[in-house]
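Q: Counting in the UniProt record's numbering, the sequence shown runs from 1 upward without gaps. Note that the Cβ used here is the ideal one computed from N, Cα and C, for glycine as well. Let me begin by handing over the structure; questions about it come next.
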Amino acid sequence: RQPPADPDPAPAPVVPAALVDHARKLSAEHKRRTGYPIDADGLRTRLGVPAPLAVAIANQLT
1 RQPPADPDPA PAPVVPAALV DHARKLSAEH KRRTGYPIDA DGLRTRLGVP
51 APLAVAIANQ LT
């Protein structure tokens, strides 16, 4: 038997445009240095934001 679906999933965090722009710059610089795109954990560390916000930002960068 499966647990009931969550009737009210948490909404995705709202990401300010300026934060996304800054994240794009960090992402481009990270890729230039490493050859790989930055992941949500890297964004969380570099931006100092909570994990759910970092995931929302990472989703906007792809």
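1) By Cβ distance, which residues of its chain are closer than 7 Å to A58, with the 5 residues on each side in sequence left out?
2) How would you label Q23, buried or exposed, when you count the other beta carbons within 10 angstroms and need 16 or more for buried?
3) By the three-class DSSP mapping on this structure, what secondary structure does V14 have?
4) Can you list, in chain order, the residues of its chain with a C-beta nearer than 8 Å to that of V20? Leave out the 5 residues immediately preceding and following it.
5) With distances taken Cα to Cα, identify the nearest neighbour of V49 among T34, Q2, G35 and P16.
A: From the atom records:
1) D39, A40 and L43
2) For clarity, residue 23 is Ala in the given sequence; the question names Gln instead. When all chains shown are included, A23 counts as buried.
3) coil
4) I57, Q60 and L61
5) P16
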